[in-house]
Every structure is written in structure tokens, then in C-alpha cells.
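Position 46, counted from 1, in the sequence shown is what full-length UniProt numbering calls 46; the numbers after and before it change by one each time, with no gaps. Even glycine gets a Cβ: it sits at the ideal position worked out from N, Cα and C. Computed from a predicted structure; not experimentally measured. Quick notes on the structure that follows.
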Amino acid sequence: MTVFAPEVVEAVLAHMNDDHLDDNLLIVRAFAGRDPEAARMIDLDHRGGTWRYTVAGEDAELHLPWSRDLQERPEIRREIVALYDAACGKLGVEPRPHA
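If you want it as C-alpha cells, here you go:
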């Protein structure tokens with residue numbers, strides 16, 4: 001089992017919540033089937049990521065598994081991008097190019 005160091009988890013969460021708030025909303029909208037007012041990625045490990053979101057003033061959580069257990073930090077980005085692309089496909093939204 002791979003355990004990502006706390007600083008790795010913190011860095012990914014900060015990046016998602018500082019630079020990709022719209023992506024968080026899109027992922028929750030697609031996979032929770034709700035229309036959130038706010039969504040933040042709050043945790044991740046080698047098995048998946050967790051988002052906390054708010055709908056009508058009530059908080060809920062969504063945990064999404066990765067496509068496989070992760071071993072290394074770069075795999076986290078690939079899995080989040082895959083979730084984003086799948087969310088776009090599910091919602092009929094044109095995904096933006098990935099840098």
C-alpha cells in the first residue's frame with residue numbers, strides 16, 4: 001500500500017482548491033448528480049479522492065475511486081484529469097486542453 005506524504009496531499013489539495021474550483025464543481029455535478037454551490041477536494045489517498053460540497057446550505061461528501069491503486073505522485077494528476085474528462089463527457093461539456 002502506498003501512503004502519500006502529508007505534504008504531497010496538502011499540495012494537491014491546495015492546487016485543486018486554489019486553481020481548479022470550477023473543476024471541483026464539475027466533478028461533483030457529474031458524479032454526485034447534484035448541483036453544488038461550492039465544492040472542495042478535501043482528501044485523497046492511493047485509492048481515491050474525496051470532495052465536500054454544499055447544496056441548498058447542506059454539506060455532503062463524495063468519494064470517487066481512482067481507476068487503480070496509485071503508487072506515485074504523478075499518477076494523482078492523471079487520475080484527476082481522467083475524472084475531469086469523464087465529468088465533461090457525462091455533462092456534455094467541452095473539456096479544456098490539458099497542459
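Looking at the DSSP output, glutamate 58 sits in a beta bridge with Val55. Per DSSP, the continuous beta strand (DSSP E) segment holding arginine 40 begins and ends at 38 to 44. Approximately 23 Å separates the beta-carbon atoms of arginine 34 and valine 12; this is outside 8 Å, ruling out the contact.
CA-CA distance, asparagine 24 to alanine 5, rounds to 22 Å.
Assigned with DSSP and collapsed to three states, proline 65 falls in strand. For glycine 89, the enclosing alpha helix (DSSP H) covers residues 73 to 91.
By the criterion of a C-beta distance shorter than 6 Å, valine 93 is surrounded by no residue of its chain, once the five residues flanking it on both sides are discounted. Under the DSSP assignment, histidine 15 falls in the alpha helix (DSSP H) whose first and last residues are 6 to 19.
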